[in-house]
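Right, one structure below, let's go through it.
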Amino acid sequence: MVETSNNRVWFFTDEPRSKWMDTTMIPSITNSDNLYNDSCVICLAHFKPDRNDMELTWVMNEKAEQLGSLPPSEIDGRLKREGHRTHIGRLLSSIHGTNIRRYIVTVFDLMALYATRIYSTKNSDQLHSQKLPREIVDDRIFKILAKASVHAIYVLGLDFGRVVVDLDERGRTTIVLIHSDLSPNTSEEETILSEEVTRFATEWKQEATNGVTVMLGADPEFVLLSPEGKVVPASRYFPREGATGCDSIVIRGIRHWPLVELRPSPEQEPAALAVQVRRLLASASRRTAGAPLTWRAGAWPIRGLPLGGHVHLSGAALTSERLRALDNAVALPLRLLEPPTAASRRPRYGSLGDFRRQSHGGFEYRTPPSWLVSQRLCCGVLALSKLATEHSRTLASHRPLDDDKMREAFYSGDRTVLVEGGNNRTSTADHLKQLSQIRISYRTIV
C-alpha cells in the first residue's frame, strides 16, 4: 500500500501500474481531491487529468496529447527552428550500410537516463535493440545524444519522453522521432528510471515544504575595441583566471582570447551581486587605464562575436518548469531590448532553454546575452532570474512562450507579435511585479 498523506508527487495513468512505478512508492491519483497547490502530477496517460482546482499543480507532459495531434511536418519545423537537424520518420532500413548509428534516449525532467542502440536491417524496419549500459558507453557519444535529446523534449513542451536519434560519423545528431512516454525494457532501465523519479519526488517535496532560496552568480562578458573599431584581445590586459579575466573562443580550430569576463562571487541578493559587478568593472577600467579602448556589450555588438550574460543559480533543483520560468521572465523581455541584428546569433547562441549543470551543484542559465550595457539592466536581469527560479510554480500560468507563435516570433525577432502576445494575457512581467512585494530589495528593480 502506498502512503498518500502529505504527498506532493503523484502518478496519473490509464493503465495498470508498472513495477518501476511501485518501486518509487509514489501513489497514483484519479482526481484532484488530494492535491496540494504545490503538487506535481507525472502524467503517463494518453490524456491529461481534469484540472478543476489544480491551478497551482504541475502536470508533467500536459502537452503530450496536443503534440501527438501535430503532423510530422510541424514537429520537424519546430525542431529545426530551435537548432536541431531533423529527419522525422526516417526509416531504419534507409541507414543500413552507412556509418549512421541509431539510438533511443530516455529523458526525464532535463536528464538523459540511458541510451538504447537500435540496429538496422537491410530488408526490415523491425527495431532490434541492445541496451548500452551507461558505464561502458563512450562518454563523449552519450553527452552528444543527451544534449540533443533533452533539448528536443524541452522545446516541444514535454517534460519527459523518448527520443530516436541518428548519430553520424562526424558526431552530428538528427532527430527522427519523439515518444511522449516512459517505457523501460530491462530491469536495469527500470532501476535507473525509478531512482531518478524518486530523486525528483524527494527534491520536489523538500522545496514544496521548505520553500526555495537561491544563490546568484554570473559571468557576463564584454569586448574591447580599438579606435578603428577592431577587436583588441582581452588577453593583452587581463589574465585567464581571476575575478576579472579573459575568455576564449575557437575560430577555425584556433583558440583566441578576445572576451573580458567578470566573475563575481555568489550572492543571495541581486543588488549585492550587482555591486560586485560594478566593482569588477572599475577594476577592469584600472587595468586598461590610458588605452584608447571602447567597451562593447549586448547580444551582438560585433558581427560574429555573440556575448553571453550567463546567470548561475544554486539552491534550487533544475527542472523543466523552472527553466521555462526563466525563459519567460528573463529571456523574453531581454529579446525585446535586443537590436534586430541579434537574431543572427540564434539558434546557435541564446536559444531558449540553454543551460549547463555545474559540477559543484546548481546550474548555469545560458540563454541571456551580455547585460552589462547599464546598471539598471544588470540589476533587472539578476532580480528576474532570482524571482523566476524561486517562484516558478506561481509563474506557470503566465508563460507567453508556451504559445508556439511566440516562440517563432522570439527567433525571428517579430517585435509586434512578441508585444501583442504579452498584452493578450496576464503577462509574466505583470505577475513579477506582484511577486516583487515578496522581498523589499526587488521593489525598485522589477
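Read left to right, the sequence shown gives residues -3 to 442 (the numbering used here). Just so it is clear, CB atoms sit at the ideal spot from N, CA and C, and this is done for glycine as well.
C-beta atoms of residue i and residue j nearer than 8 Å
i	j	result
G376	P396	no
T170	T82	yes
S281	Q272	no
G311	V210	yes
A293	L368	yes
I84	I100	no
D350	A204	no
L348	R411	no
D18	N95	no
I298	V172	no
D105	S316	yes
Y233	R283	yes
P288	P365	no
L301	P254	yes
Same chain, Cβ closer than 7 Å to residue i, neighbours up to 5 away in sequence not counted
i	result
G167	I140
D215	E257, L258, R259 and H306
S145	V101, V103, A108, V159 and V161
C374	A270, V273, W367 and L368
K15	E186
P68	I84 and G85
E11	none
T290	L221
A384	A321, L322, A325, V326 and L391
R352	F359, E360 and R362
G241	F234, P235, E257 and R259
T180	One detail in the question is off: residue 180 reads as Pro in this sequence, not Thr. Cβ neighbours of P180 beyond the five flanking positions: W16, E186 and L189.
I250	none
8 Å contact criterion, which residue i and residue j should meet: CB distance rounded
i	j	result
R113	R97	7 Å
D177	M56	Not quite, the Cβ-Cβ distance comes to about 12 Å (not below 8 Å), so this is no contact.
A484	A60	Look at the range of the chain in this structure, -3 to 442, and you will see that residue 484 is not part of it.
I174	V159	6 Å
W296	P235	That pair is no contact at about 27 Å.
K382	P266	6 Å
L319	L212	Actually they are not in contact, since the Cβ atoms of L319 and L212 sit about 16 Å apart, beyond 8 Å.
L443	L332	With the chain running from -3 to 442 in the structure shown, residue 443 is simply not present.
Other residues of its chain near residue i: CB distance less than 8 Å, five sequence neighbours each side excluded
i	result
I22	V(-2), N3, V5, W6, F7, I38, V193, T194 and A197
Q354	H308, S310 and E360
G238	R259
I25	W6, F7, F8, L31, V37 and P45
H252	P229, S244, I245 and V246
L63	I71, L152, G153, L154, I174 and S176
Own chain partners of residue i with C-beta closer than 6 Å, once the 5 adjacent residues on each side are dropped
i	result
V208	A312 and E386
C36	V5, W54 and W200
T20	S190, V193 and T194
R13	none
G357	S310
S65	none
R130	The predicted model places R130 with a pLDDT of 48, which falls under 50 and marks its position as unreliable, so this point remains unresolved.
H124	Low local confidence applies: a pLDDT of 49 at H124 is under 50, so the model's placement there is unreliable, with the coordinate-based value given in what follows. Result list for H124: Y115, in chain order.
CB contact below 8 Å: residue i versus chain C
i	result
F43	Looking at the structure shown, chain C is missing, and only one protein chain is on hand.
Checklist entry - Below 8 Å, can you find three or more Cβ-Cβ pairs linking the region 305 to 324 to the region 226 to 239? => result no
Next on the checklist: Between the region 33 to 44 and the region 6 to 20, can you find at least three pairs of beta-carbon atoms closer than 8 Å?
Outcome noted: yes
Item to check | Inside the region 340 to 368 only - beta strand (DSSP E) runs reaching at least 3 residues | outcome: Unbroken beta strand (DSSP E) runs of no fewer than 3 residues, entirely contained in the region 340 to 368, are found at 351 to 353 and 359 to 361, following chain order.
Item to check | the region 380 to 400 / the region 276 to 291 touching (three or more Cβ pairs under 8 Å) | outcome: no
Item to check | Any beta strand (DSSP E) of 3 or more consecutive residues that is wholly inside the region 232 to 300 | outcome: 240 to 247, 250 to 258 and 290 to 292
Next on the checklist: Three Cβ pairs or more, each shorter than 8 Å: is that satisfied between the region 144 to 160 and the region 69 to 81?
Outcome noted: With the cut-off at 8 Å, the region 144 to 160 and the region 69 to 81 touch.
Next on the checklist: Three or more C-beta pairs under 8 Å: does that hold for the region 320 to 337 against the region 353 to 366?
Outcome noted: yes
Item to check | Inter-stretch contact at 8 Å, needing at least 3 Cβ pairs: the region 404 to 415 / the region 331 to 343 | outcome: yes
Item to check | In chain order, each beta strand (DSSP E) run of at least 3 residues that lies wholly inside the region 15 to 100 | outcome: List check, beta strand (DSSP E) in window: 36 to 39 and 54 to 56.
Item to check | Completely contained beta strand (DSSP E) runs for the region 129 to 200, where each covers 3 or more residues | outcome: 156 to 163 and 169 to 175
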